[in-house]
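From first to last, the protein sequence lines are chains A, B and C. Just so we're aligned, residue 1370 is where the first sequence starts under my numbering, counting upward by one. Just so we're aligned, residue 1370 is where the second sequence starts under my numbering, counting upward by one. Just so we're aligned, residue 1370 is where the third sequence starts under my numbering, counting upward by one. Beta carbons are placed, not taken as given, at the ideal position from N, Cα and C, and that holds for glycine. Working notes for the structure below.
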Amino acid sequence: MSAQLTLVLGGIASGKSAFAEGLVRQSGKPMIYLATAQPFDDEMTQKIARHRKARGPGWHTIEEPLALAQNLREIAPGQCVLLDCATLWLSNHLLAESDIEAETHALLAAFADCSSDLVVVSNEVGLAGVPENALARQFANAQGRLNKSIAARASRVILVTAGLPLTLKGPVA
Amino acid sequence: MSAQLTLVLGGIASGKSAFAEGLVRQSGKPMIYLATAQPFDDEMTQKIARHRKARGPGWHTIEEPLALAQNLREIAPGQCVLLDCATLWLSNHLLAESDIEAETHALLAAFADCSSDLVVVSNEVGLAGVPENALARQFANAQGRLNKSIAARASRVILVTAGLPLTLKGPVA
Amino acid sequence: MSAQLTLVLGGIASGKSAFAEGLVRQSGKPMIYLATAQPFDDEMTQKIARHRKARGPGWHTIEEPLALAQNLREIAPGQCVLLDCATLWLSNHLLAESDIEAETHALLAAFADCSSDLVVVSNEVGLAGVPENALARQFANAQGRLNKSIAARASRVILVTAGLPLTLKGPVA
């Protein structure tokens, strides 16, 4: 049986991470937390600490801001991986001036080859009109394309609003 | 029988207020409009007048930008209260540099103790990525947390888009 | 039998145009693409070329940034029109300092009189809080009102997120 790919979408402080963590916990499999956040300032350090506390014990944590594909290829089968989140990964690559198309291609290939279940958290960012700032516009477009690509491959896509899940694809919980 | 708490979420000009007013009207109970908007400029004054006209007669209006918990505790049982909206209340408290956590705690306690039905209107504000501006970021996070807290306690949560309701929690209308 | 009006809502790069094109293709009727975009810079020129390529052959294209009502009145019956998109039309009129209420009234009247099916693409733009900038605020309000007006007249309204449709009104696909 092949591994499952689930995409959990949501806005800022929507409860998407907590919901995704619940899915991983329910899997009953060994839990891996693949974290893309970097503690580059106080606000981020506090957010990371808050999320870690909320997650509780029982997670094996891997911190990786950029090279997700490589890390996913080293994960043993039969586990459940929480990737939190695709938005920071994308943002890190945009700031690093990476080739986004090539990076996305490599990431999606790693998803397809992964023999552990994957729950990917990502932000929905395009619901306030087209930004005037060119970089913000590039980011919104890249995030939209990335979300579409993951959603097309996922067996389940869930949008979280105010902590409440709405199933966009796959079996309703 | 305990009073009902309903949360109506939506974006700018999404029709959330009109939908929430419809819910209150359908309750058949005496209608109270708990308004958080302040006519501090022409645009707001006109918006308040427009909303009042759209609402029509039959409402008892209470205007209160900050002290919602205190006002809710003075409302007699068996009525139906439209709180419009939690977003302005939050924004007023942020500008007043209040202790948001304490204020939220007091508001949620007043919701729990209220023996009139409550329909709370709130904005969904986190669907355009993380703002660069620190205050905007603080606001988006606080609004997300507030919406999650109210949604967790509500028996019904409805997201309004282009005037159309989508039930996120509770019985589908 | 009267012609059908469908509204397809979504954010930036949400897949709303591709989904709407699919609906028109499934109609089996002669396909008209009523385009509001203008190639005023390189980014827009490339976007228009990319969309044209994605759409494929078989479309009769009309390019019109402003006078949609007039164009719709000249379309012969029994076809299926993709209007992409109402957001750019609105934005073009705001920049031209048109009377938005009068233009909207004329557009909605042309929708009602159209004897070809219509699929209208529009952006959902109000989900990031109230913009500080007055023009951005005016735009968000005007877009919200326009979306509500079209949704009220449509037999089907679909919100597209990450390429996935969610039916807000009408028969579920």
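- When the beta-carbon positions are compared, A/S1491 and A/C1449 stay at least 8 Å from each other.
- Close partners of A/V1494 in chain B (Cβ separation under 8 Å): L1496, A1497 and G1498.
- Under the Cβ distance rule, B/R1522 does not count among the residues neighbouring chain A, no pair being separated by less than 8 Å.
- Judged by DSSP secondary structure, A/E1472 falls within the alpha helix (DSSP H) whose first and last residues are I1469 to D1482.
- Contact between the region 1530-1542 of chain B and the region 1525-1541 of chain C is present: 3 or more CB-CB pairs across the two stretches fall below 8 Å.
- When beta bridges are read from the DSSP output, C/R1525 appears opposite C/T1375.
- For A/K1422, the enclosing alpha helix (DSSP H) starts and ends at D1411 to R1424.
- The closest CA to that of B/V1529, considering only C/N1510, C/K1517, C/P1540 and C/A1523, is found on C/K1517.
- Beta-bridge analysis with DSSP links A/I1431 to A/L1403.
- Less than 8 Å divides the Cβ of B/A1523 from the Cβ of B/T1375.
- Going by DSSP, C/N1492 is part of the beta strand (DSSP E) stretching over D1486 to N1492.
- Scanning its chain for C-beta atoms nearer than 6 Å, with the 5 sequence neighbours on each side dropped, one finds around B/G1384 the residues V1529 and G1532, in chain order.
- Listed along the chain, the chain C residues whose CB falls inside 7 Å of the CB of A/V1526 are A1531 and L1533.
- Not a single C-beta of chain C is nearer than 8 Å to the C-beta of B/G1427.
- In terms of beta-carbon proximity, B/S1386 stays away from the interface with chain C, with every pair separated by 8 Å or more.
- Taking 8 Å as the CB threshold, C/A1481 stays off the interface with chain B.
- When DSSP states are grouped into helix, strand and coil, A/L1496 belongs to the coil group.
- A straight line joining the alpha-carbon of A/A1445 with that of A/W1428 spans about 15 Å.
- Assignment of C/K1385 by DSSP, reduced to helix, strand and coil, places it in the helix class.
- The beta-carbon of C/G1513 is placed less than 8 Å from the nearest beta-carbon of chain B.
- Note on B/M1413: under 16 other CB atoms within 10 angstroms of its CB, so exposed under the neighbour-count rule.
- Burial state of C/A1465 is exposed, judged by a 10 Å Cβ sphere holding fewer than 16 other Cβ atoms.
- In the three-state DSSP reduction, A/K1517 falls in the helix class (H, G or I).
- In the three-state DSSP reduction, A/V1393 falls in the helix class (H, G or I).
- Under the 8 Å Cβ criterion, the region 1483-1499 of chain A counts as touching the region 1379-1396 of chain A, having at least three qualifying pairs.
- Excluding its 5 nearest sequence neighbours in each direction, C/L1452 has C-beta neighbours in its own chain below 6 Å: L1403 and V1489, listed in chain order.
- Around the beta carbon of B/T1430, fewer than 16 other beta carbons sit within 10 angstroms, so the residue counts as exposed.
- By the Cβ-count criterion, A/G1380 is buried, with 16 or more other Cβ atoms from all chains shown falling within 10 Å of its own Cβ.
- In terms of Cα proximity to B/A1503, the closest of A/D1411, A/E1493, A/Q1512 and A/L1477 is A/D1411.
- For the C-beta of C/N1510, the chain B residues within less than 8 Å are, from N- to C-terminus, I1381 and A1382.
- Contact annotation for A/L1378 against chain C: T1530 and A1531 [CB-CB distance below 9 Å, chain order].
- In terms of beta-carbon proximity, B/K1538 lines the interface with chain A, with at least one pair separated by less than 8 Å.
- Distances from the CA of C/P1434 to each of C/G1539, C/P1408 and C/N1461 were compared; the closest alpha carbon is that of C/N1461.
- Residues of chain B whose Cβ lies closer than 8 Å to the Cβ of C/K1517 are, in chain order, A1382, S1383, G1384, A1531 and G1532.
- Cα atoms of B/A1372 and B/R1419: separation of roughly 30 Å, rounded to the nearest angstrom.
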